[in-house]
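Below is one structure, written out as structure tokens, with a few remarks after it.
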Amino acid sequence: MRVMVFVKASPESEAGVMPSEELLNAMGDYNEELVKAGIMLAGDGLKPSSAGARVHFSGKSRTVIDGPFAETKELVAGYWLWQVRSMDEAIEWVKRCPNPMMSDSDIEIRPVFEPEDFGAEFTPERREQEERLRASIASQQA
Amino acid sequence: MRVMVIVKATPDTEAGVLPTQEAFAAMGSYGEELVKAGILLDGNGLKPSSTGVRIRMDGRNRSVIDGPFAETKELIAGYSLWEVRSMDEAIEWAKRFPNLTGETELEIRPVFEDEDFGEAATPELREQDDRLRAEAAKRKAELANRGA
Chain V
-14 MRVMVFVKAS PESEAGVMPS EELLNAMGDY NEELVKAGIM LAGDGLKPSS
36 AGARVHFSGK SRTVIDGPFA ETKELVAGYW LWQVRSMDEA IEWVKRCPNP
86 MMSDSDIEIR PVFEPEDFGA EFTPERREQE ERLRASIASQ QA
Chain L
1117 MRVMVIVKAT PDTEAGVLPT QEAFAAMGSY GEELVKAGIL LDGNGLKPSS
1167 TGVRIRMDGR NRSVIDGPFA ETKELIAGYS LWEVRSMDEA IEWAKRFPNL
1217 TGETELEIRP VFEDEDFGEA ATPELREQDD RLRAEAAKRK AELANRGA
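Protein chains in written order, with my numbering: chain V, -14 to 127; chain L, 1117 to 1264.
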């Protein structure tokens, strides 16, 4: 199964405090282990929400709201995409993660939908389209 | 620049209501346009927070909190990763997202690149980061080929 692992924001990450060299080293070692175990598929840090925007959809209307956004604890500061055997395996790996923040922090693990989760509404045509799009993204990136 | 586009949860996504054929068709056409424009790098839907967990890090303690989580509007139902020229370009594309559920919100967040970290990202760290990204991308491609 694939899971998204979200690092939640903290007052420091929202204030744009950059990680120390020590934390970058610890994260580098942790990422090294994830890659060796064949778990890591992708990962990035996100700039503070002051650099972001939201688009709110209501019926046909679209409203753009500029960051920063207020509810720090619910914002995302970074993510990984992992391939794991189970949620328990993902939890064990998260527990070994160096605390990415100077203050207390939360990491959220969320299973990703796979095509087989969608049932009959995800028709063979759509499935084929999705596979084709993913293949063309892969060839654009290569 | 790369941006992460976060699709916020709604009561429907949190209740596990799956997209209809019509919704899949609209998302498929939108994905098609993003790929043609060379913008789409990745994207996935997430299962409701009832299937997720949080790990709280407090000093050396690690506590596990099982989902579901309460603040639906702040939860994430899906994401995609885009390569764009500017935030304005990202916002223009986001506005074309098919809104099939009445009320939705997308959040667009620029991604840190190596050069944003300044001197804390030593040459050794950058080299390690490049190598790990290449290996992770290779693993992702292998799994995709296997249809995993």
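Ideal placement from N, C-alpha and C gives every residue a C-beta, glycine not left out.
All values reported here derive from a predicted model rather than from experimental measurement.
Next item on the list: Round the Cβ separation of alanine 1250 of chain L and leucine 9 of chain V to the nearest angstrom and send it over; I've been treating them as touching at under 8 Å.
Entry: The Cβ separation is near 18 Å, so there is no contact.
Checklist line | Contact with chain L by arginine 70 of chain V, beta-carbon distance below 8 Å | finding: Under the Cβ distance rule, arginine 70 of chain V does not count among the residues neighbouring chain L, no pair being separated by less than 8 Å.
Margin query: Assuming methionine -11 of chain V is part of the beta strand (DSSP E), what are its boundary residues?
Written below: First-last of the beta strand (DSSP E) with methionine -11 of chain V: -13 to -7.
Margin query: Which same chain residues end up closer than 8 Å to asparagine 57 of chain V when comparing Cβ atoms and leaving out the 5 residues on each side of it in sequence?
Written below: In the sequence as displayed, the identity of residue 57 of chain V is threonine instead of asparagine. The beta carbon of threonine 57 of chain V sits closer than 8 Å to those of Ala(-6), Ser(-5), Pro(-4), Glu(-1), all from its chain and outside the five residues before and after it, given in chain order.
Check: On the premise that isoleucine 1192 of chain L lies in contact with valine 1119 of chain L, defined as a C-beta separation below 8 Å, what is that separation, rounded to the nearest angstrom?
Finding: A Cβ-Cβ separation of about 15 Å leaves valine 1119 of chain L out of contact with isoleucine 1192 of chain L under the 8 Å criterion.
Check: Excluding five sequence neighbours on each side, which residues of the same chain lie with their C-beta closer than 8 Å to the C-beta of glutamine 1244 of chain L?
Finding: Excluding positions up to five away in sequence, the list is empty.
Next item on the list: Give every residue of the same chain whose Cβ lies closer than 7 Å to the Cβ of aspartate 51 of chain V, excluding the five residues on either side of it in the sequence, and list them in chain order.
Entry: The beta carbon of aspartate 51 of chain V lies closer than 7 Å to those of Ala38 in the same chain, with the five residues before and after it left out.
Check: Per DSSP, tyrosine 64 of chain V is paired with what?
Finding: Paired residues: V/Phe(-9), V/Asp29.
Check: Does the Cβ-Cβ distance between valine 1208 of chain L and isoleucine 1155 of chain L come in under 8 Å?
Finding: According to the sequence as given, residue 1208 of chain L is glutamate; it is not valine. Their beta carbons are not under 8 Å apart, which means glutamate 1208 of chain L does not touch isoleucine 1155 of chain L by this criterion.
Notebook entry, point to check: Between glutamate 74 of chain V and chain L, is there a C-beta pair that is closer than 8 Å?
Noted result: Taking Cβ atoms only, chain L never reaches closer than 8 Å to glutamate 74 of chain V, which makes this a no.
Checklist line | Residue environment, isoleucine 1181 of chain L, which counts as buried when at least 16 other CB atoms sit within 10 Å | finding: Here isoleucine 1181 of chain L is exposed: its Cβ has fewer than 16 other Cβ atoms, across all protein chains shown, within 10 Å.
Margin query: By the three-class DSSP mapping on this structure, what secondary structure does alanine 1264 of chain L have?
Written below: Model confidence at alanine 1264 of chain L stands at a pLDDT of 47, short of 50, so the residue's coordinates are unreliable; what they give is reported in the following sentence. Correct three-state label for alanine 1264 of chain L: coil.
Next item on the list: Would you check if the stretch 86 to 103 of chain V and the stretch 28 to 38 of chain V touch, i.e. whether three or more CB-CB distances between them fall below 8 Å?
Entry: No, the stretch 28 to 38 of chain V is not in contact with the stretch 86 to 103 of chain V.
Next item on the list: Please work out which residues of its chain come closer than 8 Å, Cβ to Cβ, to threonine 1188 of chain L, disregarding the five sequence neighbours upstream and downstream, and give them in chain order.
Entry: Hits under 8 Å: Ala1125, Thr1126, Pro1127, Glu1130.
Note to self: What does the alpha-carbon distance come out to for the pair alanine 1264 of chain L and glutamate 116 of chain V?
What the structure shows: Reliability fails at alanine 1264 of chain L, whose pLDDT of 47 lies under 50, so the model's placement of it is uncertain and the value that follows must be treated cautiously. The straight-line gap separating the alpha-carbon atoms of alanine 1264 of chain L and glutamate 116 of chain V is approximately 12 Å.
Check: serine 88 of chain V lies in the alpha helix (DSSP H); which residues open and close that run?
Finding: No alpha helix (DSSP H) contains serine 88 of chain V, which DSSP labels as neither H nor E.
Item checked: Minimum Cβ-Cβ distance from serine 35 of chain V to chain L less than 8 Å -> Not one chain L Cβ lies under 8 Å of serine 35 of chain V.
Check: Within 8 Å (strictly less), CB to CB, does methionine 134 of chain V reach chain L?
Finding: Here chain V covers residues -14 to 127 and nothing more, so residue 134 of chain V does not appear.
Check: Do the CB positions of alanine 1153 of chain L and arginine 119 of chain V come within less than 8 Å of each other?
Finding: The answer is no: Cβ separation not under 8 Å.
Note to self: Which residue marks the beginning of the beta strand (DSSP E) containing serine 43 of chain V, and which one marks its end?
What the structure shows: Per DSSP, serine 43 of chain V belongs to the beta strand (DSSP E) from 38 to 43.
Next item on the list: Under 8 Å Cβ to Cβ from methionine 1143 of chain L, same chain only, skipping five residues before and after it: list those, please.
Entry: The beta carbon of methionine 1143 of chain L sits closer than 8 Å to those of Pro1135, Pro1214, all from its chain and outside the five residues before and after it, given in chain order.
Check: Is it true that the CB of valine -10 of chain V sits closer than 8 Å to the CB of tyrosine 64 of chain V?
Finding: Yes, these two residues count as a Cβ contact at 8 Å.
Next item on the list: To the nearest angstrom, report how far apart isoleucine 35 of chain V and valine 1121 of chain L are at their CA atoms.
Entry: First, the residue type needs correcting, since residue 35 of chain V is serine and not isoleucine in the sequence shown. Serine 35 of chain V and valine 1121 of chain L: Cα-Cα distance of roughly 15 Å.
Next item on the list: Give the range of the beta strand (DSSP E) segment to which proline 1226 of chain L is assigned.
Entry: 1219 to 1226 is the span of the beta strand (DSSP E), which, as asked, contains proline 1226 of chain L.
Margin query: Is proline 53 of chain V close to chain L? Criterion is C-beta to C-beta, closer than 8 Å.
Written below: Answer no: the Cβ-Cβ gap between proline 53 of chain V and chain L never drops below 8 Å.
Check: What residue does the alpha helix (DSSP H) around serine 1145 of chain L start on, and which one ends it?
Finding: Counting along the chain, the alpha helix (DSSP H) containing serine 1145 of chain L begins and ends at 1137 to 1152.
Item checked: alanine 1141 of chain L to arginine 111 of chain V span [Cα, whole Å] -> Alanine 1141 of chain L and arginine 111 of chain V have their C-alpha atoms roughly 7 Å apart.
Margin query: Give me, in chain order, the residues of the same chain whose beta-carbon lies closer than 6 Å to that of phenylalanine 1233 of chain L; leave out the 5 immediate sequence neighbours on both sides.
Written below: Excluding positions up to five away in sequence, the list is empty.
Check: Would you say alanine 1141 of chain L reaches chain V, if we count a Cβ-Cβ gap shorter than 8 Å as a contact?
Finding: Yes, contact with chain V.
Check: What separation, rounded to the nearest whole angstrom, lies between the Cα atoms of glycine 1161 of chain L and tyrosine 1195 of chain L?
Finding: The C-alpha of tyrosine 1195 of chain L is placed about 7 Å away from the C-alpha of glycine 1161 of chain L.
Notebook entry, point to check: By how many angstroms is the C-alpha of valine -12 of chain V removed from the C-alpha of alanine 75 of chain V?
Noted result: About 8 Å.
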